[in-house]
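For the protein sequence lines, the chains are A and B, in the order given. Numbering of the first sequence is given in the working numbering, commencing with residue 53 and proceeding in unit increments. Numbering of the second sequence is given in the working numbering, commencing with residue 329 and proceeding in unit increments. What follows is a single structure, written as structure tokens, with notes after it.
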Amino acid sequence: MPTITNTAAVTVTIVTLNHYLALSGVVFAIGMIGVLLRRNAIVMLMGIELMLNAVNLAMVAFAHYRQDASGNILAFFVMTVAAAEAGVGLALAVNIFKRFKEVNIKYFEHLKG
Amino acid sequence: MDLTTILFLVLAFLIITFSAAVVILPNPIYAALSLAVTMISLGFMYFLLQAYFIAGVQLIVYAGAVMVLFVMVLMLFDLRKEIAAFSGSKFSSLLKILCGLFFTGAIIIAIRQGVIALSVSAGEPTPAEQIEMVKNLALRLFTQYVLAFEALGVLLLVVAVGVVAVARSRGGTHAHHN
């Protein structure tokens with residue numbers, strides 16, 4: 053963390069945009085690993101939600117540090133699309149479970165027709 | 329260290345720990361609860377970033393609606409006998425984790441290389457200024473971004489119909505599935 057010394061000679065740590073972006077990158081990577089590693093379709097959806105949230109954090113951080121509300125609006129849109137995506141994904145998971153009694157991702161190829 | 333830094337560090341720790349728990353815990357219910365904690369921590373981080381409206385929406389939509397949806401679907405299923413939570417061999421798992429770590433490293437190096445020198449105006453906004461910020465957000469949402477907003481409404485309608493079409497049971501809710 054970059055440290056600056058103020059007039060009272062006390063070391064002050066400042067949270068910069070870079071910290072938020074690094075945190076966002078870490079959370080995105082964790083979500084990506086989750087999607088790659090897990091076979092439960094619902095947990096994979098959770099990984100996708102993590103990735104979307106990481107991007108949201110980056111956009112809100114940019115909006116704050118640039119004093120520009122566009123990032124907040126974009127984050128709002130992403131949240132709405134993520135909620136819709138979760139709904140569709142869970143409906144597909146319910147459909148898979150009704151046929152195969154398991155929500156393993158390998159059954160998705162049998163869903164056609 | 330001032331309060332903002334301490335809050336940032338605590339929230340970052342919570343977010344990273346519980347998002348890792350989402351990936352690691354084999355039981356999907358525990359994964360869902362960890363995801364809820366992650367969402368709530370992210371909501372507090374939006375408060376820290378002075379995005380009050382987004383923080384509220386995060387708590388209501390994510391920590392509320394989406395998580396209830398996840399937990400409800402998980403409770404609907406009987407997932408006790410699921411043992412193989414992770415896919416593939418040890419080697420491919422290692423490869424995937426290495427890919428993730430490489431990706432994180434690449435992002436962080438790119439952030440460190442980039443010259444993003446942005447300063448933020450000093451001080452916490454007063455309540456009047458906070459209301460002004462939300463008002464500004466709403467004004468831009470309904471002027472500059474009104475087309476995207478309407479498209480989002482259409483998307484939600486399509487999704488609502490599509491979800492019912494995909495998840496419905498033939499013969500109503502009391503049909504017996506063999």
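Note that CB positions come from ideal geometry on N, CA and C, so glycine has one too.
Cutoff 6 Å; reference B:Leu465; Cβ partners in own chain excluding five residues on either side: Contacts found: Phe381.
Nearest-angstrom beta carbon gap, B:Ala349 and A:Asn124 [assumed within contact, 8 Å]: Incorrect: roughly 28 Å between the Cβ atoms, too far for contact.
The stretch 81-115 of chain A: positions lying closer than 8 Å to chain B by Cβ: Ala81, Ile82, Gly83, Met84, Ile85, Gly86, Leu88, Leu89, Arg90, Arg91, Asn92, Ile94, Val95, Leu97, Met98, Gly99, Glu101, Leu102, Asn105, Asn108, Leu109, Val112, Ala113, Ala115
Chain-ordered neighbours of B:Pro356 on chain A, where CB pairs are closer than 7 Å: Asn92, Ile94, Val95
Option in A:Leu97, A:Ala93, A:Val140, A:Val107 with minimal Cα separation from A:Val79: Out of A:Leu97, A:Ala93, A:Val140, A:Val107, A:Val107 has the C-alpha closest to the C-alpha of A:Val79.
B:Ile344 vs A:Ile85 beta-carbon contact at 7 Å: no
Residue from A:Ile157, A:Ala136, A:His162 with nearest C-alpha to B:Ala488: A:Ala136
Residues bridged to A:Asn156 [DSSP beta-bridge criterion]: According to DSSP, which records beta bridges pairwise, A:Asn156 is partnered with A:Asn92.
Within-7 Å CB hit, A:Ile148 to chain B: no
Rounded C-alpha distance that separates B:Lys463 from A:Ala121: 11 Å
Residue from B:Leu376, B:Met400, B:Val389 with nearest C-alpha to A:Ala115: B:Leu376
Under 8 Å by beta carbon: chain B residues contacting A:His162: Result: empty, since nearest Cβ-Cβ is about 15 Å, beyond 8 Å.
Within-7 Å CB hit, B:Tyr380 to chain A: no
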